[in-house]
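Student: Residue numbers (the numbering used here): 64 to 379.
For each residue, glycine too, the CB sits at the ideal point set by N, CA and C.
Since we're looking at a predicted model, the values are computed, not measured.
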Amino acid sequence: MHNPEIMWTTLEDSLCELGESPFWHPHERSLYWLDIPGRAVLRTRGEIGSPSARVERWGLATEPGCMAPARSGGLVIALRDGVYRVREWGGELVAMARVEHDVRTMRFNDGKCDALGRFWAGSLNEAKDRANAALYCFDARADDGVAPTLTQMANESTTANGLAFSPDARTLYWADTAAHVVRAWDWDAKANLLSHPRVFHQFEAKPEGWTPESPVRYEGRPDGATVDAEGHYWVAMFEGAQLLRFAPSGEIVASVAVPVQCPTMPCFGGDDLKTLFVTSGRKGRPAAEIERYPASGAVISRRADTPGLPVNFFED
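Next up, the structure:
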């Protein structure tokens with residue numbers, strides 16, 4: 064099903080250095096996403112595709128890694144040094160929890176909320192020389208007056224990515240981009256316990272000396288991910304110019320070509336959750352690649368046969 068003939072639409076004025084963390088806000092009927100190195104939060108205003116549609120950008124002082132909408136309004140955002148809360152667009156960022164990693168060499172990356180309103184965020188090692196990144200969970204609802212903190216749920220990663228939850232809240236997926244692997248855990252959502260870690264899919268490593276012009280096939284490495292209403296896991300394959308759709312068994316059931324070399328994360332949106340949005344990157348990419356894929360760094364979209372799941376809201 065690797066079909067480059069499928070038509071994609073590029074969202075006007077959506078260009079980023081490295082787009083990430085997209086989600087569809089159902090109350091605002093807006094798409095939100097981040098530009099990590101561009102240090103910005105972006106969102107659409109007006110109906111996408113209409114003459115009145117526009118993109119708003121809100122600049123930040125440091126790199127955002129991931130974010131989620133909050134039930135009571137605003138956003139929860141993981142910045143380099145911790146988890147922050149903002150009540151309104153462009154408002155004051157208030158720290159809720161600090162992370163105990165070296166902010167000179169590490170930062171938060173991929174994350175989202177689970178169905179119970181907890182915010183999950185994974186970190187990355189910018190030098191990619193050690194597997195010292197981790198996956199954290201933050202529950203803002205303190206018990207017995209104890210201040211909420213970040214709880215480490217998994218570790219031994221280099222570049223945290225691909226976080227997603229199965230619709231039945233029994234499986235958690237988490238990728239390590241640098242290791243070319245997606246792992247899965249059994250998950251007791253109510254108790255918030257992970258068990259039985261296993262390899263969901265191991266991809267082939269990048270061939271030595273590979274470039275997009277190489278005759279050798281490289282399917283890419285796993286970046287951001289989402290799950291659809293049928294419980295299938297969709298992952299963006301960075302440098303692979305494709306999305307892959309996995310059955311819960313781990314079998315690849317579809318490959319969808321995208322008009323960018325470096326897709327970064329998919330999400331489902333629109334009123335029926337059947338519009339597939341994909342962020343992408345262009346920072347540091349070769350000029351020939353940008354010429355071949357001018358949509359690199361933009362948000363692209365197309366219709367999907369299977370709907371996604373509504374975004375999970377942060378509860379505080």
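Would you mind listing the alpha helix (DSSP H) stretches within the region 286-357 that are 4+ residues and don't spill past its ends, in chain order?
Tutor: Segments of the alpha helix (DSSP H) lying fully in the region 286-357: 350-355.
Student: Which word fits lysine 191, buried or exposed, when buried means at least 16 other C-beta atoms lie within 10 angstroms of its C-beta?
Tutor: Position 128 of the sequence shown, counted from the first residue, corresponds to residue 191. Looking at its Cβ environment, which holds fewer than 16 other Cβ atoms inside 10 Å, lysine 191 is exposed.
Student: Round the Cβ separation of alanine 103 and glycine 122 to the nearest angstrom and send it over; I've been treating them as touching at under 8 Å.
Tutor: Taking the sequence shown and counting its residues from 1, the one referred to as residue 103 is at position 40. Taking the sequence shown and counting its residues from 1, the one referred to as residue 122 is at position 59. Going by Cβ atoms, the distance from alanine 103 to glycine 122 rounds to 5 Å, so yes, they are a contact pair.
Student: How big is the Cα-Cα spacing for valine 245 and histidine 259?
Tutor: On the sequence shown, position 182 is the one that residue 245 refers to. On the sequence shown, position 196 is the one that residue 259 refers to. Taking the straight line from one Cα to the other gives about 14 Å.
Student: Is arginine 170 helix, strand or coil when you go by DSSP?
Tutor: Your numbering for residue 170 matches position 107 in the sequence shown. Arginine 170 falls in the strand class under three-state DSSP.
Student: Which residues does DSSP pair with proline 370 in a beta bridge?
Tutor: Here residue 370 corresponds to residue number 307 of the sequence shown, with the count starting at 1. Proline 370 pairs with nothing; no bridge assigned.
Student: Provide the residue span of the beta strand (DSSP E) that contains threonine 214, from first to last.
Tutor: Looking up residue 214 in the sequence shown gives position 151. First-last of the beta strand (DSSP E) with threonine 214: 213-220.
Student: Using a Cβ distance threshold of 8 Å, determine whether the region 108-115 contacts the region 345-358, with at least three qualifying pairs required.
Tutor: Because the criterion of three Cβ pairs below 8 Å is not met, the region 108-115 and the region 345-358 do not touch.
Student: Under 8 Å by Cβ, that's how I've got glycine 225 and valine 298 pegged, so tell me the actual separation to the nearest angstrom.
Tutor: The sequence position of residue 225 within the sequence shown is 162, counting from 1. The sequence position of residue 298 within the sequence shown is 235, counting from 1. Glycine 225 to valine 298, Cβ: 6 Å. Contact.
Student: Is asparagine 375 near the ligand HEM, in the sense that its beta carbon is under 6 Å from a heavy atom of that ligand?
Tutor: Judged by which ligands are present, the structure shown has none, so any question about the ligand HEM falls away.
Student: Excluding the five sequence neighbours on either side, which residues of its own chain have a C-beta within less than 6 Å of the C-beta of proline 100, listed in chain order?
Tutor: Locating residue 100 in the sequence shown gives position 37, counting from the first residue. Within the same chain, proline 100 has close Cβ partners Glu80, Leu81, Lys346.
Student: Would you report the Cα separation of aspartate 202 and proline 211, rounded to the nearest angstrom?
Tutor: Position 139 of the sequence shown, counted from the first residue, corresponds to residue 202. Position 148 of the sequence shown, counted from the first residue, corresponds to residue 211. About 6 Å.
Student: Would you call leucine 198 buried or exposed, if buried means 16 or more other Cβ atoms sit within 10 Å of its Cβ?
Tutor: The count along the sequence shown starts at 1 and reaches residue 198 at position 135. The residue is buried, with at least 16 neighbouring Cβ atoms inside 10 Å.
Student: Per DSSP, asparagine 195 is paired with what?
Tutor: Reading the sequence shown from its first residue, position 132 is the one you call residue 195. According to DSSP, asparagine 195 bridges with nothing at all.
Student: Determine the contact status of valine 118 and aspartate 144, defining contact as a CB-CB distance below 7 Å.
Tutor: To locate residue 118, count along the sequence shown from 1; it is residue 55. To locate residue 144, count along the sequence shown from 1; it is residue 81. In this structure, aspartate 144 does not lie closer than 7 Å to valine 118 by Cβ.
Student: Are three or more beta carbon pairs between the region 225-236 and the region 282-292 nearer than 8 Å?
Tutor: Enough Cβ pairs lie closer than 8 Å, so yes.
Student: Under the three-state reduction of DSSP, which class applies to methionine 70: helix, strand or coil?
Tutor: On the sequence shown, residue 70 is found 7 positions in, with the first residue counted as 1. In the structure shown, methionine 70 sits in coil (DSSP, three-state: anything other than H, G, I, E or B).
Student: In the DSSP output, which residue or residues are listed as bridge partners for serine 277?
Tutor: Walking along the sequence shown from the start, residue 277 turns up at place 214. Per DSSP, none; premise fails for serine 277.
Student: Can you give me the start and stop residues for the beta strand (DSSP E) that glutamate 83 sits inside?
Tutor: Numbered from its first residue, the sequence shown carries residue 83 at position 20. Segment 82-88, the beta strand (DSSP E) holding glutamate 83.
Student: Do phenylalanine 182 and valine 139 have their CB atoms nearer than 7 Å?
Tutor: Taking the sequence shown and counting its residues from 1, the one referred to as residue 182 is at position 119. Taking the sequence shown and counting its residues from 1, the one referred to as residue 139 is at position 76. Taking 7 Å as the Cβ cut-off, phenylalanine 182 and valine 139 qualify as a contacting pair.
Student: Rounding to the nearest angstrom, what Cα-Cα distance links aspartate 334 and glutamate 271 in this structure?
Tutor: As a working mapping, residue 334 is identified with position 271 in the sequence shown. As a working mapping, residue 271 is identified with position 208 in the sequence shown. Distance between the alpha carbons of aspartate 334 and glutamate 271 is about 44 Å.
Student: Going by C-alpha distance, which of Asn195, Pro285, Lys253, Pro278 is nearest phenylalanine 263?
Tutor: Locating residue 263 in the sequence shown gives position 200, where the first residue counts as 1. Among Asn195, Pro285, Lys253, Pro278, the Cα nearest to that of phenylalanine 263 belongs to Pro285.
Student: According to DSSP, is threonine 240 part of a helix, a strand, or is it coil?
Tutor: Sequence index remark: in the sequence shown, residue 240 carries index 177 (1-based). Threonine 240 falls in the coil class under three-state DSSP.
Student: Considering only the alpha carbon of each residue, which of Met216, Trp96, Tyr296, Lys337 lies closest to serine 318?
Tutor: Residue 318 sits at position 255 when you count from the first residue of the sequence shown. Per the Cα distances, Tyr296.
Student: Spell out the partners DSSP gives threonine 125 in its beta bridges.
Tutor: The residue you call residue 125 lines up with position 62 of the sequence shown. Looking at the DSSP assignment, threonine 125 forms no beta bridge with any residue, so it has no partner.
Student: CA-CA distance, arginine 280 and phenylalanine 340?
Tutor: Translated into the one-based positions of the sequence shown, residue 280 becomes position 217. Translated into the one-based positions of the sequence shown, residue 340 becomes position 277. If I take the Cα positions, the gap works out to 25 Å.
Student: If distances are taken between C-alpha atoms only, which option among Thr327, Thr222, Asp206 comes closest to glycine 185?
Tutor: The count along the sequence shown starts at 1 and reaches residue 185 at position 122. Residue Thr222 is the option with its Cα nearest to glycine 185.
Student: Is it true that the CB of leucine 142 sits closer than 7 Å to the CB of threonine 125?
Tutor: One-based indexing of the sequence shown puts residue 125 at position 62. One-based indexing of the sequence shown puts residue 142 at position 79. Closer than 7 Å, so yes.
Student: Cutting at 6 Å between CB atoms, please list the residues of its own chain near proline 326, excluding the five before and the five after it.
Tutor: As a first step, residue 326 is located in the sequence shown; it is residue number 263 there, counting from the start. Contacts found: Ala299, Val341, Ser343.
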